[in-house]
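Below is one structure; the comments refer to it alone.
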Amino acid sequence: MKPNNLFGTHAFEGKIQELFAYNLSQLQELFSQIETLKEHYHCFGFLSYEAYKAFENPSYTSNFPLAYFGIFSHALPYTPSPSQDIFSPLFPQWIKREEYLEQVERLREQIREGNTYQGNLTTLFSCSSTLSSSEIFYSLLTSQSTPYQALLHTPFGEVISLSPELFFTLKGNEILTQPMKGTIERGRDEGEDRAKKEFLQNDIKNRSENVMIVDLLRNDLSKIAQKGSVKVPKLFQIHTFPTLFQMTSTITATLKPSLTLFEIFKALFPCGSISGAPKRSTLTILQDLESRERGVYCGALGVVHKESATFSIPIRTFFRDKTTQRLSYGVGSGIVWDSKAESEYEELRVKMRFISPPFNLFETMLCEDSHILYLHAHLKRLRESAKALGFLYPNALERELEGLKCEGKQILRVVLERNGDYTLSLTPFTPHTSNRFILRERRGKSDLLPFKTSFRPWEIDYSKVFDVIFYDERGVLSEGSRSNIVLEIGGKLYTPRYEGQLLRGIERERLLECGEIEEVELGVEDIQRASRIFCINSVRGRIEVIQE
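This is the structure in structure tokens:
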């Protein structure tokens, strides 16, 4: 059983208490309790970004917790490993490109007027998923594993964090902070990687952004550090991640004696790398521009135990609301005077690439003498898939297909990219060369299985078998790799019930609608009970098959 609460390489068990804070007095009380509890327990939780408002305004009260901590009796060494589940955001919603470009220009105007030097402008992306929060976390480890990866279950939702950015570590009186500023996407090969890494290392814009935040954090630390102890041992380090390079710097200090956690957070929070410089005026500007709360995103997430504490800045982080089950994911970029709005928008897209495997949508249809079989059913499915997965749907596609000419019997393939671009291709229809199938277990769940996508992490030689029929860990049959399946049992035709983990093929839906087949749960053992087995799809119709 995989743990539901973990941070870095430790899983937390034996929750004995939960602490909440919605205003300043409750924050003070929460930290006071942590100071006592940390001697014997592990205190794992977060501060919301909006907690800074309470530090500045004692009368501020939030509807969402400004802080939450679970108090655990045990921290067990645990290195999480990726699962075989596939997460891909469903029904995504996020800021329109034009709206974000306008916000960048408004922030640049504030910079021009001298009200700020740099602001970390953010937006919230939201989506849904058929996977549980734990399944999403373990699936994302495939594309990004970090020292501060975290999964936290709370009474009001779950935090799923793959943050690479350290806020601070505290060991006794020694504190270390490591702001992250400067981003560039990875190259297509080793040569491009080297070139991009070198560019980021030497780029004046990225270095100036990084230095601004280093100076800001040095100033913040000086308020609570012993005189002369603030140091910058490492400047402009480049860290490599699966989809991008990022620049960090390291600042250390020795704290004044007898400081409390509350005093440390009051001096440092929120981190300058996700706010801006100068901090206070920039926070006000960002509040007006963003016009919504960040929540856990850009706050602080971590663990306190005895004389040590480690907190990340929860970027690359999802929060799943317990009531709506919607997932929110924040993404942002640092804006300075010479920032280009289009480049900043592209940076947002780069930072989101790790959350979903790359894929296109496609439809395969039979075209015979310029007549496309079930054209409107295919287009309806493509439109619905595009909406569910956040693809632009081009209306021109339908007009082009309605006027398409083809001679004889051909297979038409339509491939739709996320930006709305599409390609059409025709290939001669060739008879199948085998009527055999093999059974294969398909482990894990996937948000993509109900859709016809190019993401297919399996290889099948269709010259040797007609199809591979999949079943899950429970032995329940689902579908073939290119067809739905039908079993004839006792003179009746049955197909596996749709439970979100198979494609509702065009032929399958047609046969269900006319009553020729019936949906039921079918298991591997039903293969032996069946008098006949069929693979069905809209291109080849109904093919009787036998097991290899």
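In terms of full-length UniProt numbering, the sequence shown opens at residue 1 and continues consecutively. Backbone N, C-alpha and C define an ideal beta-carbon position, used for all residues, glycine too.
Closest in alpha carbon position to Asn120, among Asp220, Ala54, Asp321 and Ser333, is Ser333. The three-state reading of DSSP puts Phe236 in strand, counting E and B together. By the Cβ criterion, the stretch 382-393 is not in contact with the stretch 323-342, since fewer than three pairs of Cβ atoms, one from each stretch, lie closer than 8 Å. The residues Tyr471 and Gly475, in chain order, have a CB closer than 6 Å to that of Val524 in the same chain once the five nearest residues on each side in sequence are set aside.
Assignment of alpha helix (DSSP H) within the stretch 271-325, counting only whole runs of 4 or more residues, yields 279-290 in chain order. For the pair of segments examined, the stretch 354-367 was found to touch the stretch 447-467: the number of CB pairs separated by less than 8 Å reaches three. According to the DSSP assignment, Val336 belongs to no beta strand (DSSP E), since it is labelled neither H nor E. Comparing alpha carbon positions, the residue from Ser339, Asp85, Thr154 and Thr79 closest to Ser356 is Asp85. Ser463 carries a coil assignment under DSSP once its states are collapsed to helix, strand and coil.
When Arg529, Phe534 and Glu50 are compared, the shortest CA-CA separation from Leu24 is found for Glu50. The beta carbon of Arg106 sits closer than 7 Å to the beta carbons of Leu289 from its chain, once the five residues preceding and following it are set aside; these are given in chain order.
In the three-state reduction of the DSSP assignment, His42 falls in the strand class, which pools E and B. Membership of Gln118 in the beta strand (DSSP E) is indicated by the continuous run Gln118 to Ser128.
Exclusion of the five residues before and after Ser229 leaves Ala253 and Thr254 as the residues of its chain whose Cβ lies within less than 6 Å of its Cβ. Taking the Cα of Leu176 as reference, the smallest distance to any Cα among Leu217, Asn537 and His10 is reached at Leu217.
Pairing Asp220 with Ala396, the inter-Cα distance amounts to about 56 Å. The DSSP assignment places 409-416, 422-428 and 436-441 as complete runs of the beta strand (DSSP E) inside the stretch 397-447, in order along the chain (cut-off: 3 residues).
Under the three-state reduction of DSSP, Asn206 is assigned to helix. Less than 8 Å separates the beta-carbon of Arg504 from that of Pro450. The beta carbon of Leu379 lies closer than 7 Å to those of Glu398 in the same chain, with the five residues before and after it left out.
For the pair Phe7 and Phe31, the CB atoms are not nearer than the 8 Å cut-off. Under the Cβ criterion (8 Å, minimum of three pairs), the stretch 169-185 counts as touching the stretch 254-272. Between Leu448 and Ser73 the beta-carbon gap is near 39 Å, outside 8 Å, which marks them as no contact. Arg294 and Glu544 have their C-alpha atoms roughly 55 Å apart.
By the Cβ criterion, the stretch 533-543 is in contact with the stretch 364-380, since at least three pairs of Cβ atoms, one from each stretch, lie closer than 8 Å.
When C-alpha distances from Thr324 are compared across Thr116, Ser129 and Glu384, the shortest belongs to Ser129. In this structure, Thr310 places its C-beta atom within 8 Å of the C-beta atom of Gly302. Annotated three-state conformation of Val476 is strand, per DSSP. Here the alpha carbons of Pro3 and Leu200 stand approximately 38 Å from one another. The Cβ atoms of Phe69 and Ile34 lie closer than 8 Å to each other. Contact check between the stretch 236-254 and the stretch 12-19: fewer than three CB pairs, one atom from each, fall below 8 Å, which does not count as touching. Between Gln501 and Ser478, the alpha-carbon positions lie close to 7 Å from each other. If you check the CB distance, Ser83 and Gly444 come in under 8 Å. Considering only Arg108, Phe236, Asp321 and Lys38, the residue with the shortest C-alpha distance to Lys340 is Arg108.
Annotation: Leu375 to Glu407 spans about 17 Å, alpha carbon to alpha carbon.
The Cβ neighbour count for Thr9, taken over all protein chains shown within 10 Å, is under 16; the residue is labelled exposed.
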